[in-house]
Amino acid sequence: MILVVDDDLGIRTSLSLVLKRSGYEVKTVASPVEAMSVVRTATPQLILMDMNFTLSTDGVEGLTLLKQVKIFQPQVPVILMTAWGSIQLAVDGIKAGAFDFITKPWDNYSLLQRIETAIKLSESSQPSETSVFDRCGIIGQSQQLTSVLNTVKRISATDASVLITGESGTGKELIAEAIHRNSQRSENAFVKVNLGGISQSLFESEMFGHKKGAFTGAVSDRQGRFEIANKGTIFLDEIGDLDKSCQVKLLRVLQDHTYEVLGDSRNRRCDVRVISATNADLRSMVDEGTFREDLFYRINLITLHLPPLRERPDDIPLLVNHFVQRVCEQTGLKAVTVDDSAMNYLKGLHYSGNIRELKNLVERTLLVCDKSKLTADDFRAHYGIEPMSKSNTQQMMSGMTLDDMERQTIVNAISQYDGNMTHVASALGISRGALYRRMEKYGIEK
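First residue of the sequence shown: 16, per our numbering; consecutive thereafter.
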(Lines of atoms letter the chains of each structure in order from A and count residues from 1; the text may use other names and numbers.)
(Lines give C-alpha, C1' and ligand atoms only; values in the text may rest on other atoms or scores of the structure.)
Protein backbone atom coordinates (compact mmCIF):
# COMPACT_ATOMS: atom_id res chain seq x y z
CA MET A 1 0.00 0.00 0.00
CA ILE A 2 1.25 3.49 -0.91
CA LEU A 3 0.19 6.29 1.41
CA VAL A 4 -0.39 9.71 -0.20
CA VAL A 5 -0.40 12.68 2.20
CA ASP A 6 -1.54 15.99 0.68
CA ASP A 7 -4.15 18.58 1.62
CA ASP A 8 -5.02 19.19 -2.06
CA LEU A 9 -7.91 16.94 -3.16
CA GLY A 10 -6.93 17.29 -6.82
CA ILE A 11 -3.40 16.06 -6.17
CA ARG A 12 -4.65 13.16 -4.04
CA THR A 13 -7.08 12.14 -6.78
CA SER A 14 -4.52 12.47 -9.57
CA LEU A 15 -1.86 10.44 -7.74
CA SER A 16 -4.39 7.81 -6.77
CA LEU A 17 -5.38 7.27 -10.41
CA VAL A 18 -1.79 7.10 -11.63
CA LEU A 19 -0.73 4.65 -8.93
CA LYS A 20 -3.78 2.39 -9.20
CA ARG A 21 -3.31 2.12 -12.97
CA SER A 22 0.20 0.85 -12.24
CA GLY A 23 -1.12 -1.85 -9.93
CA TYR A 24 -0.49 -0.24 -6.54
CA GLU A 25 -2.94 -0.21 -3.66
CA VAL A 26 -3.37 3.40 -2.54
CA LYS A 27 -4.59 5.19 0.56
CA THR A 28 -4.90 8.99 0.60
CA VAL A 29 -5.09 11.32 3.60
CA ALA A 30 -5.28 15.09 3.85
CA SER A 31 -3.43 15.93 7.07
CA PRO A 32 -0.51 14.95 9.30
CA VAL A 33 -2.90 13.73 11.97
CA GLU A 34 -4.55 11.29 9.54
CA ALA A 35 -1.14 10.21 8.24
CA MET A 36 0.11 9.36 11.74
CA SER A 37 -3.07 7.41 12.40
CA VAL A 38 -2.22 5.21 9.43
CA VAL A 39 1.48 4.67 10.15
CA ARG A 40 0.77 3.77 13.78
CA THR A 41 -1.33 0.79 12.70
CA ALA A 42 -0.02 -0.20 9.26
CA THR A 43 3.25 -0.36 7.33
CA PRO A 44 2.98 1.24 3.88
CA GLN A 45 5.33 0.20 1.07
CA LEU A 46 6.05 3.88 0.51
CA ILE A 47 4.79 7.32 1.52
CA LEU A 48 4.30 10.26 -0.86
CA MET A 49 4.23 13.35 1.35
CA ASP A 50 3.57 17.04 0.72
CA MET A 51 5.56 19.57 2.75
CA ASN A 52 2.83 22.11 3.59
CA PHE A 53 -0.69 21.54 4.92
CA THR A 54 -1.87 25.05 5.83
CA LEU A 55 -1.31 28.52 4.39
CA SER A 56 2.25 28.33 5.66
CA THR A 57 4.92 27.62 3.03
CA ASP A 58 7.97 27.15 5.25
CA GLY A 59 7.70 23.36 5.21
CA VAL A 60 7.98 22.98 8.98
CA GLU A 61 4.83 20.85 9.06
CA GLY A 62 6.22 18.48 6.47
CA LEU A 63 9.60 18.13 8.17
CA THR A 64 7.90 17.52 11.51
CA LEU A 65 5.65 14.87 9.98
CA LEU A 66 8.63 13.21 8.30
CA LYS A 67 10.47 12.92 11.63
CA GLN A 68 7.34 11.52 13.31
CA VAL A 69 6.83 8.95 10.55
CA LYS A 70 10.46 7.84 10.82
CA ILE A 71 9.97 7.12 14.54
CA PHE A 72 7.16 4.65 13.85
CA GLN A 73 8.23 3.38 10.42
CA PRO A 74 11.99 3.94 10.04
CA GLN A 75 12.33 1.49 7.14
CA VAL A 76 9.51 2.89 4.98
CA PRO A 77 10.83 5.08 2.14
CA VAL A 78 9.35 8.59 1.98
CA ILE A 79 9.26 10.66 -1.21
CA LEU A 80 8.61 14.35 -0.66
CA MET A 81 6.50 16.47 -3.01
CA THR A 82 7.52 20.09 -3.42
CA ALA A 83 7.27 23.04 -5.74
CA TRP A 84 10.21 24.44 -7.71
CA GLY A 85 10.44 27.34 -5.27
CA SER A 86 11.20 25.04 -2.34
CA ILE A 87 14.08 22.89 -3.56
CA GLN A 88 16.07 23.85 -0.44
CA LEU A 89 13.18 22.56 1.64
CA ALA A 90 13.31 19.22 -0.17
CA VAL A 91 17.05 19.06 0.40
CA ASP A 92 16.45 19.59 4.13
CA GLY A 93 13.96 16.73 3.95
CA ILE A 94 16.54 14.42 2.38
CA LYS A 95 18.90 15.28 5.21
CA ALA A 96 16.13 14.39 7.67
CA GLY A 97 15.72 10.91 6.20
CA ALA A 98 13.50 11.18 3.12
CA PHE A 99 14.36 8.85 0.26
CA ASP A 100 13.81 11.27 -2.63
CA PHE A 101 11.81 14.29 -3.73
CA ILE A 102 9.70 15.18 -6.77
CA THR A 103 8.70 18.59 -8.01
CA LYS A 104 5.19 19.71 -8.84
CA PRO A 105 3.94 19.32 -11.49
CA TRP A 106 5.55 15.90 -11.80
CA ASP A 107 6.21 13.63 -14.74
CA ASN A 108 4.24 10.37 -14.30
CA TYR A 109 6.93 8.20 -15.88
CA SER A 110 9.67 9.63 -13.69
CA LEU A 111 7.49 9.42 -10.58
CA LEU A 112 6.65 5.75 -11.14
CA GLN A 113 10.28 4.92 -11.80
CA ARG A 114 11.38 6.53 -8.55
CA ILE A 115 8.63 4.79 -6.61
CA GLU A 116 9.66 1.43 -8.07
CA THR A 117 13.32 2.12 -7.22
CA ALA A 118 12.49 3.11 -3.64
CA ILE A 119 10.35 0.03 -3.05
CA LYS A 120 12.89 -2.34 -4.62
CA LEU A 121 15.71 -0.89 -2.56
CA SER A 122 13.78 -1.15 0.69
CA GLU A 123 12.85 -4.79 -0.10
CA SER A 124 16.36 -5.84 -1.13
CA SER A 125 18.16 -5.24 2.16
CA GLN A 126 18.99 -8.95 2.25
CA PRO A 127 20.64 -10.06 -1.02
CA SER A 128 19.92 -13.52 -2.36
CA GLU A 129 22.62 -16.00 -1.38
CA THR A 130 21.92 -18.11 -4.47
CA SER A 131 22.61 -15.37 -6.99
CA VAL A 132 26.01 -15.33 -8.70
CA PHE A 133 27.83 -12.07 -8.09
CA ASP A 134 30.15 -10.75 -10.82
CA ARG A 135 33.14 -9.04 -9.17
CA CYS A 136 34.32 -7.61 -12.52
CA GLY A 137 37.90 -8.52 -11.74
CA ILE A 138 37.97 -6.67 -8.41
CA ILE A 139 40.81 -8.13 -6.34
CA GLY A 140 40.80 -8.20 -2.54
CA GLN A 141 39.35 -9.86 0.55
CA SER A 142 39.83 -7.16 3.20
CA GLN A 143 36.97 -6.23 5.48
CA GLN A 144 36.82 -2.73 3.98
CA LEU A 145 36.48 -3.97 0.40
CA THR A 146 34.08 -6.77 1.36
CA SER A 147 31.80 -4.21 3.00
CA VAL A 148 31.72 -2.16 -0.22
CA LEU A 149 30.99 -5.25 -2.35
CA ASN A 150 28.19 -6.33 -0.02
CA THR A 151 26.55 -2.95 -0.56
CA VAL A 152 27.04 -3.33 -4.33
CA LYS A 153 25.21 -6.67 -4.16
CA ARG A 154 22.30 -5.10 -2.31
CA ILE A 155 21.82 -2.06 -4.53
CA SER A 156 22.56 -3.54 -7.96
CA ALA A 157 19.02 -4.85 -8.45
CA THR A 158 17.57 -1.35 -8.08
CA ASP A 159 17.78 1.70 -10.32
CA ALA A 160 18.96 3.94 -7.48
CA SER A 161 21.50 6.61 -8.42
CA VAL A 162 24.91 5.91 -6.90
CA LEU A 163 27.80 8.23 -6.04
CA ILE A 164 31.18 6.51 -5.70
CA THR A 165 33.79 8.49 -3.80
CA GLY A 166 37.44 7.81 -3.08
CA GLU A 167 40.95 8.81 -4.01
CA SER A 168 42.26 8.48 -7.56
CA GLY A 169 43.20 4.92 -8.49
CA THR A 170 41.02 3.13 -5.92
CA GLY A 171 38.90 1.37 -8.55
CA LYS A 172 35.77 3.50 -8.77
CA GLU A 173 35.17 2.58 -12.42
CA LEU A 174 35.33 -1.15 -11.63
CA ILE A 175 32.79 -0.72 -8.84
CA ALA A 176 30.49 1.14 -11.25
CA GLU A 177 30.84 -1.67 -13.78
CA ALA A 178 30.11 -4.27 -11.08
CA ILE A 179 26.87 -2.47 -10.22
CA HIS A 180 25.88 -2.52 -13.90
CA ARG A 181 26.82 -6.14 -14.54
CA ASN A 182 24.84 -7.34 -11.54
CA SER A 183 21.77 -5.27 -12.42
CA GLN A 184 18.75 -5.97 -14.59
CA ARG A 185 20.31 -3.62 -17.16
CA SER A 186 23.40 -5.81 -17.64
CA GLU A 187 22.43 -6.82 -21.20
CA ASN A 188 22.35 -3.16 -22.27
CA ALA A 189 25.06 -0.53 -22.65
CA PHE A 190 27.45 0.62 -19.93
CA VAL A 191 28.57 4.06 -21.14
CA LYS A 192 31.58 5.71 -19.49
CA VAL A 193 31.89 9.51 -19.60
CA ASN A 194 34.91 11.39 -18.27
CA LEU A 195 33.32 14.73 -17.43
CA GLY A 196 36.71 16.22 -16.60
CA GLY A 197 37.69 15.86 -20.26
CA ILE A 198 34.61 17.53 -21.79
CA SER A 199 34.73 21.28 -22.30
CA GLN A 200 31.74 23.47 -21.50
CA SER A 201 31.20 24.31 -25.19
CA LEU A 202 30.97 20.64 -26.18
CA PHE A 203 28.98 19.37 -23.21
CA GLU A 204 25.52 19.37 -24.80
CA SER A 205 26.75 17.82 -28.04
CA GLU A 206 28.66 15.09 -26.21
CA MET A 207 25.92 14.26 -23.73
CA PHE A 208 22.74 14.82 -25.74
CA GLY A 209 23.91 14.68 -29.38
CA HIS A 210 23.32 17.06 -32.26
CA LYS A 211 21.68 17.24 -35.68
CA LYS A 212 23.59 18.00 -38.84
CA GLY A 213 23.98 21.77 -39.24
CA ALA A 214 23.16 22.52 -35.59
CA PHE A 215 26.37 24.55 -35.33
CA THR A 216 29.51 25.25 -37.32
CA GLY A 217 31.33 21.97 -37.83
CA ALA A 218 28.27 19.75 -37.28
CA VAL A 219 28.61 17.95 -40.62
CA SER A 220 26.51 14.95 -39.61
CA ASP A 221 24.09 13.76 -36.93
CA ARG A 222 25.68 12.58 -33.70
CA GLN A 223 24.29 10.38 -30.95
CA GLY A 224 24.73 11.69 -27.43
CA ARG A 225 25.92 9.58 -24.52
CA PHE A 226 22.48 9.47 -22.89
CA GLU A 227 20.92 8.13 -26.08
CA ILE A 228 23.62 5.45 -26.36
CA ALA A 229 23.06 4.50 -22.71
CA ASN A 230 19.28 4.21 -23.03
CA LYS A 231 17.96 1.16 -21.10
CA GLY A 232 21.46 0.74 -19.66
CA THR A 233 23.79 2.58 -17.29
CA ILE A 234 25.74 5.82 -17.70
CA PHE A 235 28.88 6.30 -15.60
CA LEU A 236 29.70 9.97 -14.98
CA ASP A 237 33.32 10.01 -13.84
CA GLU A 238 34.98 13.13 -12.37
CA ILE A 239 31.59 14.76 -11.82
CA GLY A 240 33.24 17.19 -9.41
CA ASP A 241 35.01 18.81 -12.38
CA LEU A 242 31.71 19.83 -14.03
CA ASP A 243 31.17 23.60 -14.17
CA LYS A 244 27.97 25.20 -12.88
CA SER A 245 26.35 25.84 -16.28
CA CYS A 246 26.77 22.20 -17.27
CA GLN A 247 25.48 21.08 -13.87
CA VAL A 248 22.15 22.77 -14.66
CA LYS A 249 21.88 20.92 -17.97
CA LEU A 250 22.72 17.60 -16.35
CA LEU A 251 20.22 18.16 -13.54
CA ARG A 252 17.36 18.47 -16.01
CA VAL A 253 17.91 15.09 -17.62
CA LEU A 254 18.40 13.40 -14.25
CA GLN A 255 15.27 15.03 -12.90
CA ASP A 256 12.86 14.69 -15.82
CA HIS A 257 14.52 11.89 -17.82
CA THR A 258 14.18 14.08 -20.92
CA TYR A 259 16.66 16.00 -23.04
CA GLU A 260 16.89 17.89 -26.33
CA VAL A 261 19.29 17.08 -29.13
CA LEU A 262 21.04 20.23 -30.39
CA GLY A 263 19.24 21.41 -33.51
CA ASP A 264 16.08 19.44 -32.68
CA SER A 265 13.47 21.03 -30.42
CA ARG A 266 11.67 17.73 -29.80
CA ASN A 267 12.05 16.39 -26.28
CA ARG A 268 13.45 12.88 -26.08
CA ARG A 269 13.00 10.51 -23.17
CA CYS A 270 15.76 8.36 -21.77
CA ASP A 271 15.72 5.46 -19.35
CA VAL A 272 19.16 5.24 -17.78
CA ARG A 273 20.65 4.40 -14.44
CA VAL A 274 23.15 7.03 -13.32
CA ILE A 275 26.35 6.19 -11.46
CA SER A 276 28.71 9.07 -10.67
CA ALA A 277 32.22 9.14 -9.26
CA THR A 278 34.58 11.76 -7.87
CA ASN A 279 37.70 12.15 -5.80
CA ALA A 280 36.53 15.63 -4.77
CA ASP A 281 34.69 16.55 -1.57
CA LEU A 282 31.31 17.44 -3.07
CA ARG A 283 29.81 18.43 0.29
CA SER A 284 32.50 21.07 0.71
CA MET A 285 31.94 22.19 -2.89
CA VAL A 286 28.21 22.58 -2.14
CA ASP A 287 29.07 24.74 0.90
CA GLU A 288 31.44 26.80 -1.26
CA GLY A 289 28.78 27.25 -3.96
CA THR A 290 30.77 25.47 -6.70
CA PHE A 291 28.48 22.43 -6.89
CA ARG A 292 24.68 22.58 -6.99
CA GLU A 293 23.04 21.20 -3.86
CA ASP A 294 20.00 19.85 -5.72
CA LEU A 295 22.27 17.99 -8.16
CA PHE A 296 24.31 16.63 -5.26
CA TYR A 297 21.22 15.09 -3.66
CA ARG A 298 20.02 13.82 -7.04
CA ILE A 299 23.17 11.80 -7.75
CA ASN A 300 23.91 10.37 -4.30
CA LEU A 301 20.82 8.46 -3.32
CA ILE A 302 23.36 5.79 -2.41
CA THR A 303 26.97 6.69 -1.59
CA LEU A 304 29.83 4.18 -1.77
CA HIS A 305 33.24 5.19 -0.43
CA LEU A 306 36.27 3.24 -1.58
CA PRO A 307 39.06 3.19 1.01
CA PRO A 308 42.60 3.99 -0.17
CA LEU A 309 44.96 1.07 -0.70
CA ARG A 310 47.10 2.01 2.32
CA GLU A 311 44.07 1.34 4.55
CA ARG A 312 43.71 -2.24 3.30
CA PRO A 313 47.28 -3.59 3.20
CA ASP A 314 46.06 -7.20 3.42
CA ASP A 315 44.86 -6.86 -0.20
CA ILE A 316 48.29 -5.84 -1.51
CA PRO A 317 49.79 -9.40 -1.82
CA LEU A 318 46.70 -10.52 -3.74
CA LEU A 319 46.98 -7.56 -6.10
CA VAL A 320 50.74 -8.01 -6.58
CA ASN A 321 50.41 -11.68 -7.47
CA HIS A 322 47.55 -10.88 -9.84
CA PHE A 323 49.56 -8.20 -11.66
CA VAL A 324 52.66 -10.44 -11.86
CA GLN A 325 50.68 -13.34 -13.29
CA ARG A 326 48.93 -11.15 -15.84
CA VAL A 327 52.15 -9.54 -17.09
CA CYS A 328 53.84 -12.95 -17.40
CA GLU A 329 50.90 -14.28 -19.42
CA GLN A 330 50.76 -11.23 -21.68
CA THR A 331 54.50 -11.07 -22.37
CA GLY A 332 55.35 -14.77 -22.39
CA LEU A 333 57.69 -14.49 -19.38
CA LYS A 334 58.39 -17.53 -17.25
CA ALA A 335 56.69 -17.62 -13.87
CA VAL A 336 58.00 -15.00 -11.43
CA THR A 337 57.58 -14.99 -7.68
CA VAL A 338 57.75 -12.15 -5.15
CA ASP A 339 59.53 -12.93 -1.87
CA ASP A 340 58.36 -11.99 1.63
CA SER A 341 60.76 -9.06 1.94
CA ALA A 342 59.28 -7.54 -1.20
CA MET A 343 55.72 -8.05 0.02
CA ASN A 344 56.53 -6.40 3.34
CA TYR A 345 58.14 -3.48 1.50
CA LEU A 346 55.16 -3.05 -0.81
CA LYS A 347 52.71 -3.20 2.11
CA GLY A 348 54.52 -0.26 3.72
CA LEU A 349 54.27 2.19 0.84
CA HIS A 350 51.90 5.15 0.96
CA TYR A 351 50.41 4.81 -2.56
CA SER A 352 49.06 8.26 -3.33
CA GLY A 353 48.02 6.76 -6.69
CA ASN A 354 46.52 3.68 -4.99
CA ILE A 355 45.96 0.50 -7.04
CA ARG A 356 47.01 2.17 -10.28
CA GLU A 357 50.32 3.17 -8.71
CA LEU A 358 50.92 -0.36 -7.38
CA LYS A 359 50.11 -1.84 -10.80
CA ASN A 360 52.56 0.47 -12.55
CA LEU A 361 55.30 -0.28 -10.01
CA VAL A 362 54.86 -4.05 -10.32
CA GLU A 363 54.80 -3.97 -14.12
CA ARG A 364 57.80 -1.64 -14.37
CA THR A 365 59.88 -3.73 -11.95
CA LEU A 366 58.90 -7.02 -13.56
CA LEU A 367 59.74 -5.92 -17.10
CA VAL A 368 63.09 -4.33 -16.22
CA CYS A 369 64.37 -7.02 -13.83
CA ASP A 370 65.25 -10.27 -15.58
CA LYS A 371 64.78 -12.42 -12.48
CA SER A 372 62.60 -15.35 -11.43
CA LYS A 373 62.22 -13.99 -7.88
CA LEU A 374 61.76 -10.31 -7.04
CA THR A 375 63.03 -8.85 -3.77
CA ALA A 376 62.44 -5.65 -1.84
CA ASP A 377 65.58 -4.14 -3.38
CA ASP A 378 64.16 -4.67 -6.88
CA PHE A 379 60.99 -2.74 -6.10
CA ARG A 380 62.85 -0.12 -4.07
CA ALA A 381 65.09 0.65 -7.03
CA HIS A 382 62.10 1.35 -9.26
CA TYR A 383 60.05 3.23 -6.70
CA GLY A 384 62.78 5.56 -5.54
CA ILE A 385 61.06 6.58 -2.33
CA GLU A 386 61.36 4.85 1.02
CA PRO A 387 58.03 3.92 2.60
CA MET A 388 56.92 6.37 5.23
CA SER A 389 55.97 5.10 8.64
CA LYS A 390 52.50 5.88 9.90
CA SER A 391 53.89 8.34 12.45
CA ASN A 392 55.98 10.12 9.80
CA THR A 393 52.99 10.31 7.49
CA GLN A 394 50.83 11.79 10.24
CA GLN A 395 53.58 14.26 11.12
CA MET A 396 53.95 15.36 7.48
CA MET A 397 50.20 15.81 7.06
CA SER A 398 49.70 17.58 10.37
CA GLY A 399 48.35 21.07 9.77
CA MET A 400 47.93 20.51 6.01
CA THR A 401 44.63 21.35 4.33
CA LEU A 402 43.07 19.13 1.65
CA ASP A 403 44.35 21.58 -0.95
CA ASP A 404 47.87 21.31 0.51
CA MET A 405 47.71 17.51 0.34
CA GLU A 406 46.43 17.52 -3.23
CA ARG A 407 49.12 19.98 -4.30
CA GLN A 408 51.87 17.91 -2.67
CA THR A 409 50.55 14.73 -4.28
CA ILE A 410 50.72 16.34 -7.73
CA VAL A 411 54.23 17.69 -7.10
CA ASN A 412 55.40 14.24 -5.96
CA ALA A 413 53.87 12.56 -9.00
CA ILE A 414 55.49 15.03 -11.42
CA SER A 415 58.84 14.36 -9.78
CA GLN A 416 58.33 10.60 -9.80
CA TYR A 417 57.47 10.49 -13.50
CA ASP A 418 60.09 13.07 -14.55
CA GLY A 419 57.49 15.55 -15.78
CA ASN A 420 55.73 13.10 -18.15
CA MET A 421 52.22 14.56 -17.87
CA THR A 422 50.55 11.53 -19.48
CA HIS A 423 52.04 9.22 -16.85
CA VAL A 424 51.32 11.70 -14.06
CA ALA A 425 47.64 12.00 -15.05
CA SER A 426 47.35 8.22 -15.35
CA ALA A 427 48.91 7.64 -11.94
CA LEU A 428 46.63 10.21 -10.32
CA GLY A 429 43.55 8.83 -12.08
CA ILE A 430 42.56 12.09 -13.78
CA SER A 431 42.58 13.41 -17.33
CA ARG A 432 45.43 15.56 -18.64
CA GLY A 433 43.00 18.48 -18.85
CA ALA A 434 41.98 18.04 -15.22
CA LEU A 435 45.66 17.75 -14.25
CA TYR A 436 46.56 21.03 -15.97
CA ARG A 437 43.59 22.77 -14.33
CA ARG A 438 44.78 21.64 -10.93
CA MET A 439 48.36 22.69 -11.71
CA GLU A 440 47.11 26.13 -12.68
CA LYS A 441 45.01 26.30 -9.52
CA TYR A 442 47.98 25.57 -7.28
CA GLY A 443 50.57 27.47 -9.31
CA ILE A 444 52.55 24.32 -10.13
CA GLU A 445 54.98 24.56 -13.02
CA LYS A 446 56.01 21.51 -15.01
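Backbone N, C-alpha and C fix where the C-beta goes; we use that ideal spot for every residue, glycine too.
Classification of residue i by the beta-carbon crowding that lies within 10 angstroms, buried from 16 upward
i	result
residue 428	buried
residue 124	exposed
residue 55	exposed
residue 17	buried
residue 114	buried
residue 291	buried
residue 170	buried
residue 417	exposed
residue 256	buried
Proximity of residue i and residue j at Cβ, strictly below 8 Å
i	j	result
residue 1	residue 354	Lying outside 16 to 461, the shown extent of the chain, residue 1 is not represented and no answer is given.
residue 450	residue 442	no
residue 248	residue 287	yes
residue 126	residue 117	yes
residue 367	residue 391	no
residue 66	residue 95	yes
residue 223	residue 241	yes
residue 111	residue 136	no
residue 321	residue 186	yes
residue 327	residue 160	yes
residue 35	residue 53	no
residue 365	residue 379	no
residue 307	residue 270	no
Whole-number beta carbon distance between residue j and residue i, since they are thought to touch under 8 Å
i	j	result
residue 178	residue 318	5 Å
residue 445	residue 214	Not confirmed; about 15 Å, so no contact.
residue 20	residue 63	7 Å
residue 358	residue 335	7 Å
residue 221	residue 239	7 Å
residue 227	residue 235	5 Å
residue 252	residue 206	That belief does not hold up - the Cβ atoms of residue 252 and residue 206 are roughly 11 Å apart, past 8 Å.
residue 331	residue 362	5 Å
residue 324	residue 369	4 Å
residue 219	residue 264	6 Å
residue 61	residue 134	6 Å
Alpha carbon of residue i to alpha carbon of residue j, nearest angstrom
i	j	result
residue 341	residue 149	19 Å
residue 83	residue 97	19 Å
residue 155	residue 333	6 Å
residue 204	residue 163	23 Å
residue 273	residue 300	27 Å
residue 196	residue 138	20 Å
residue 3	residue 454	The question about residue 3 has no answer here: the residues shown for the chain are numbered 16 through 461.
residue 46	residue 107	20 Å
residue 293	residue 283	28 Å
residue 158	residue 166	12 Å
residue 312	residue 80	21 Å
* Considering only residues of the stretch 20 to 102, which uninterrupted beta strand (DSSP E) runs meet the minimum length of 3 residues and lie entirely inside it, listed in chain order? -> 41 to 44, 61 to 65 and 93 to 98
* To do: Could you name each continuous alpha helix (DSSP H) segment of 4 residues or more that falls completely within the stretch 284 to 338, going from the start of the chain to the end?
  => 297 to 303 and 308 to 314
* 4 or more residues per run - each alpha helix (DSSP H) lying fully within the stretch 216 to 281 -> 218 to 223, 240 to 243 and 259 to 271
* Every unbroken beta strand (DSSP E) inside the stretch 107 to 187 [3 residues or more] -> 115 to 119 and 177 to 180
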